[in-house]
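First the structure, in the form of structure tokens, and then the observations on it.
Numbering (our numbering), first residue to last: 433 to 578.
So, in structure tokens, the structure goes:
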């Protein structure tokens, strides 16, 4: 079984969550759902630098990484996906992202914006019911679907 490890950023502004809707690229289909920014950790790469790299590639903004908020594990077509979700502490820097000024944004992302979690089709679904109040003080939550 293959385990893919990814990192994601939780970026909240005025109760809304920064999410992207992906376009078709590299053999992948476009999505009708939204997801938080992030991506896979390269072999030999540490989690925090991977998150900083992924978010910068997608948004053009260097994130200030805070605490680990969530861990999610689930099966996918090639094995198992393990994702670490970190609090990003500089949300104001992510307002008004211009995808044309990113290295990967225009290629991978159809749309990126702060969205209302309870009324938007966001994956993973647990993000639609989470409270984003006092993120730095909440304990890490684990969602295991294996």
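Using N, Cα and C, we set each Cβ at its ideal position, and we do this for glycine too.
Coarse secondary structure for residue i, derived from DSSP in three states
i, result
"residue 469", "coil"
"residue 564", "coil"
"residue 584", "Because the chain here runs from 433 to 578, residue 584 falls outside it and cannot be looked at."
"residue 487", "helix"
"residue 495", "coil"
"residue 539", "helix"
"residue 525", "helix"
"residue 478", "coil"
"residue 573", "strand"
"residue 557", "helix"
Within 8 Å, strictly: CB atoms of residue i and residue j
i, j, result
"residue 467", "residue 555", "yes"
"residue 503", "residue 567", "no"
"residue 469", "residue 491", "yes"
"residue 560", "residue 550", "yes"
"residue 546", "residue 445", "yes"
"residue 454", "residue 529", "no"
"residue 564", "residue 449", "yes"
"residue 489", "residue 535", "yes"
Residue i versus residue j: straight-line alpha-carbon distance, rounded
i, j, result
"residue 519", "residue 498", "5 Å"
"residue 517", "residue 539", "23 Å"
"residue 533", "residue 439", "22 Å"
"residue 433", "residue 475", "17 Å"
"residue 485", "residue 574", "24 Å"
"residue 509", "residue 473", "18 Å"
"residue 464", "residue 553", "8 Å"
8 Å contact criterion, which residue i and residue j should meet: CB distance rounded
i, j, result
"residue 452", "residue 544", "4 Å"
The ligand HEM heavy atom lying under 7 Å from the CB of residue i
i, result
"residue 509", "This structure simply doesn't include the ligand HEM, nor any ligand for that matter."
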